[in-house]
Amino acid sequence: MKRDILTLTFPAKAQYVLPLRLYISGVATRMDFAVDAIEDIKTAVSEACVLLLSDVTGGDMRICLEAGDNELEADFCLERPRYAGEAAAENSTELSQMILEAMAKDCRITENDGRNTRIVMTFSKGSMG
Numbered sequence: 000m001k002r003d004i005l006t007l008t009f010p011a012k013a014q015y016v017l018p019l020r021l022y023i024s025g026v027a028t029r030m031d032f033a034v035d036a037i038e039d040i041k042t043a044v045s046e047a048c049v050l051l052l053s054d055v056t057g058g059d060m061r062i063c064l065e066a067g068d069n070e071l072e073a074d075f076c077l078e079r080p081r082y083a084g085e086a087a088a089e090n091s092t093e094l095s096q097m098i099l100e101a102m103a104k105d106c107r108i109t110e111n112d113g114r115n116t117r118i119v120m121t122f123s124k125g126s127m128g
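Just so you know, the sequence shown maps onto residues 0 to 128 in numbering that gives the first Met the number 0.
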């Protein structure tokens, strides 16, 4: 099975979340995901960005998409992040993680020093979350 790989890097700032949602939903549309599945993907993208960017004041976010025949994998990774202060509250992290697990077929969150630094999600045309 051939998989296309698309990579995007942008400043780790909340103002780029909307264009990122549009970019990923465009890829999912091209892959013929159902409208409801695309809405789930857009919600998951927003939650992933909330988890990763909540206390970041600099650095970059790299998004790597792998588009297969029936699956889309999205790998969100902070590169050289600078942090404003304390790590995000655990309750908000748990809620966002529950939302991601409900929206994606598979979700893996990586932490470094108590902060979320990478999120990999897989979305499938056949079965969501």
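Using N, Cα and C, we set each Cβ at its ideal position, and we do this for glycine too. Remember, predicted model here, so these are calculated numbers, not experimental data.
{"query": "Going by the DSSP bridge assignment, what does M60 pair with across the sheet?", "result": "F9 and L77"}
{"query": "Got a sec? Which residues, its chain only, sit under 6 Å from M127 by beta carbon, not counting five neighbours each side?", "result": "In this prediction, M127 has a pLDDT of 48, which is less than 50 and means its spatial position is unreliable; nothing more can be read from the coordinates."}
{"query": "Are the region 49-59 and the region 18-35 touching, with three or more C-beta to C-beta distances below 8 Å?", "result": "no"}
{"query": "Which of helix, strand or coil does DSSP assign to S53?", "result": "coil"}
{"query": "Express the C-alpha separation of R20 and I4 in angstroms, rounding to a whole number.", "result": "17 Å"}
{"query": "State the DSSP-derived secondary structure class of A66, mapped to helix, strand or coil.", "result": "strand"}
{"query": "Ordered along the chain, which non-local residues of its own chain (more than five positions away) have a Cβ less than 7 Å from that of T121?", "result": "E70, E72, A103, K104 and D105"}
{"query": "Kindly indicate which residue of Q14, L77, G25 and I98 has the alpha-carbon position closest to the one of T116.", "result": "L77"}
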